[in-house]
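Report on one structure; see the data block that follows.
There are 2 protein chains.
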Amino acid sequence: MVNAESAVSRATASRLPAYLRYLKGEAGKGVEYVSSAAIAKDMGLSAVCVRKDLALVSSRPGKPRFGFEVRLLIEDIEKFLGYHRWTNAVIVGAGGLGRAILSYEGFENYGIHVIAAFDNSPAKVGAAGGKPIYPMERLGDVVRRSDVKVCILTVPRSAAQEACDQAVVAGINAILSFAPVHLHVPEGVKVKYEDLAVSLAELCGA
Amino acid sequence: MVNAESAVSRATASRLPAYLRYLKGEAGKGVEYVSSAAIAKDMGLSAVCVRKDLALVSSRPGKPRFGFEVRLLIEDIEKFLGYHRWTNAVIVGAGGLGRAILSYEGFENYGIHVIAAFDNSPAKVGAAGGKPIYPMERLGDVVRRSDVKVCILTVPRSAAQEACDQAVVAGINAILSFAPVHLHVPEGVKVKYEDLAVSLAELCGA
DNA sequence: TAAGAATCGATAAAAAATTATCGATAAATG
DNA sequence: CATTTATCGATAATTTTTTATCGATTCTTA
Numbered sequence: 001m002v003n004a005e006s007a008v009s010r011a012t013a014s015r016l017p018a019y020l021r022y023l024k025g026e027a028g029k030g031v032e033y034v035s036s037a038a039i040a041k042d043m044g045l046s047a048v049c050v051r052k053d054l055a056l057v058s059s060r061p062g063k064p065r066f067g068f069e070v071r072l073l074i075e076d077i078e079k080f081l082g083y084h085r086w087t088n089a090v091i092v093g094a095g096g097l098g099r100a101i102l103s104y105e106g107f108e109n110y111g112i113h114v115i116a117a118f119d120n121s122p123a124k125v126g127a128a129g130g131k132p133i134y135p136m137e138r139l140g141d142v143v144r145r146s147d148v149k150v151c152i153l154t155v156p157r158s159a160a161q162e163a164c165d166q167a168v169v170a171g172i173n174a175i176l177s178f179a180p181v182h183l184h185v186p187e188g189v190k191v192k193y194e195d196l197a198v199s200l201a202e203l204c205g206a
Numbered sequence: 207m208v209n210a211e212s213a214v215s216r217a218t219a220s221r222l223p224a225y226l227r228y229l230k231g232e233a234g235k236g237v238e239y240v241s242s243a244a245i246a247k248d249m250g251l252s253a254v255c256v257r258k259d260l261a262l263v264s265s266r267p268g269k270p271r272f273g274f275e276v277r278l279l280i281e282d283i284e285k286f287l288g289y290h291r292w293t294n295a296v297i298v299g300a301g302g303l304g305r306a307i308l309s310y311e312g313f314e315n316y317g318i319h320v321i322a323a324f325d326n327s328p329a330k331v332g333a334a335g336g337k338p339i340y341p342m343e344r345l346g347d348v349v350r351r352s353d354v355k356v357c358i359l360t361v362p363r364s365a366a367q368e369a370c371d372q373a374v375v376a377g378i379n380a381i382l383s384f385a386p387v388h389l390h391v392p393e394g395v396k397v398k399y400e401d402l403a404v405s406l407a408e409l410c411g412a
């Protein structure tokens, strides 16, 4: 048996969140139906591509002359992406970026609880955005007790590999890193790099 | 005539920054040569894919039995990606995230000067990370005077479209948005979404 | 100095993704 | 009620991307 996610191509999967963002915007404006052509135009894709993507995740077909029902489509995509399964995450590195993310409330819409941050420096320990900042020593504890699988790494580049190692030891198996450094991790641990400068540079160059 | 960037496939282009990150890591460890097989192994790609990518951007061929010279490869990729052409950028939205990014120094390695932030709220005006935070009214001014083309949007979702419009009016033609909202922009303005929650969710689900 | 190992580059094959085309369907309209 | 229009879904064609294969090159080492 294949799981739901392997049923769609990687390319499609990477567009689904964008559809979701777009559809929520339309829903917010009170739009009830959208056609694949309209989505395509607004999002800069081809209509055929949109139809094909939606066919894979939509629980019911689009209506000729109307298109797809926005509300249902949002539900279907969210269900498909698993935003209903809840996951706990922690932040390692409570500098400016770490604290900003700790205060960000947008994660809850995606099935993610960011429960705490951790930092080496005693000066950083405390709280931000109503959530606790603990000393690094407590990382293993919290990870085990709250069954945390994911870590957001917001430490300076020089501290990244060491912090990464500590997170892995603590039991984390997926890392979203903001440090612009390649991390070496054991087999089975996933790393995703979120490089702000690269994103920006791509935008400039393209 | 085609420009340099259109000479490589989109897929390759999206891997180049990752090679760069990896190569810089190796360079930092004192490694002088790397083989495509080694890169592939560490980065989770196929060796053939790596060779093909590098062949497109490397100014000189790899040496049999050694591989590629790390230092040269870094230079070639940076040159290829245009990290030598400088671009000015501004931040719109000086909340926690905006200020954190304003203080981030990693942009300079990518040919990007983040010169200032802007905010509606008078309380936010001032400075962070040694860079000024101006009231929104001054956006047009600064954009024109410093020939700013790119804007990082870090305002709350409810303010995003309006701030985006202001940026466009001011003369911005590329936006990196952290607000989880689809933005409507005129033809010719590029938008890229940096959705932290989506990145994290992809990591959890995959 | 000859044999062997590691690596490359190029060409070819396979797989994946996008785009095009077309008949079918359902609402709107005269 | 027939015609027109907007849309869909499916199949087919095209393009892009990845992977496989193989001879050539260059260093190592016996």
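Protein chains in written order, with my numbering: chain A, 1 to 206; chain G, 207 to 412. Every residue gets a Cβ at the ideal spot worked out from N, C-alpha and C, and that includes glycine.
query	result
Any idea if G:H390 is buried or exposed, counting beta-carbon neighbours within 10 angstroms, 16 or more meaning buried?	exposed
Is there a C-beta anywhere in chain A that falls below 7 Å from the one on G:E400?	yes
Should G:L226 and G:I283 be called a contact, given that it needs their Cβ atoms to be closer than 7 Å?	yes
Taking only beta-carbon atoms, is G:S405 less than 7 Å away from chain A?	yes
Is there contact here, the region 397-410 of chain G with the region 98-112 of chain A, by at least three beta-carbon pairs under 8 Å?	yes
Does DSSP put G:C389 in a helix, a strand or coil?	The sequence as given places Leu at residue 389 of chain G; Cys does not occur at that position. DSSP places G:L389 in coil when its eight states are reduced to three.
Expressed to the nearest angstrom, what Euclidean distance is found between the alpha-carbon atoms of G:A407 and G:V296?	28 Å
Quick one: Cα of A:G67 to Cα of A:A11, how far?	23 Å
Would you say A:P135 and A:V148 are within 7 Å of each other, going by their C-beta atoms?	no
Residues of chain A with a CB under 9 Å from the CB of G:T218: which are they?	Under the 9 Å cutoff, chain A gives no residues; its nearest Cβ is about 13 Å from G:T218.
Any contact between the region 79-87 of chain A and the region 161-172 of chain A? By contact I mean 3 or more CB pairs, one from each, below 8 Å.	no
Could you check where the beta strand (DSSP E) with A:F118 kicks off and where it finishes?	112-119
Quick one: which residues of the region 305-320 of chain G get their C-beta closer than 8 Å to a C-beta of chain A? List them in chain order.	R305, A306, I307, S309, Y310, G312, F313, N315, Y316, G317, I318
Give every residue of the same chain whose Cβ lies closer than 7 Å to the Cβ of A:R51, excluding the five residues on either side of it in the sequence, and list them in chain order.	S36
For A:Y83, which residues in chain G fall below 8 Å Cβ to Cβ?	A407
If we define contact as Cβ-Cβ less than 7 Å, is G:V214 a contact residue for chain A?	no
Do A:C151 and A:A167 have their CB atoms nearer than 7 Å?	yes
Looking at the C-beta of G:A300, does it have a partner C-beta in chain A at a distance below 7 Å?	no
I need the DSSP call for G:S405, collapsed to helix, strand or coil.	helix
Determine the direct distance from the alpha carbon of A:L16 to that of A:V48, and round the result to whole angstroms.	15 Å
Cα separation between G:A385 and A:E105?	11 Å
Would you mind sorting A:D141 into buried or exposed? The rule is 16 or more other CB atoms within 10 Å of its CB.	exposed
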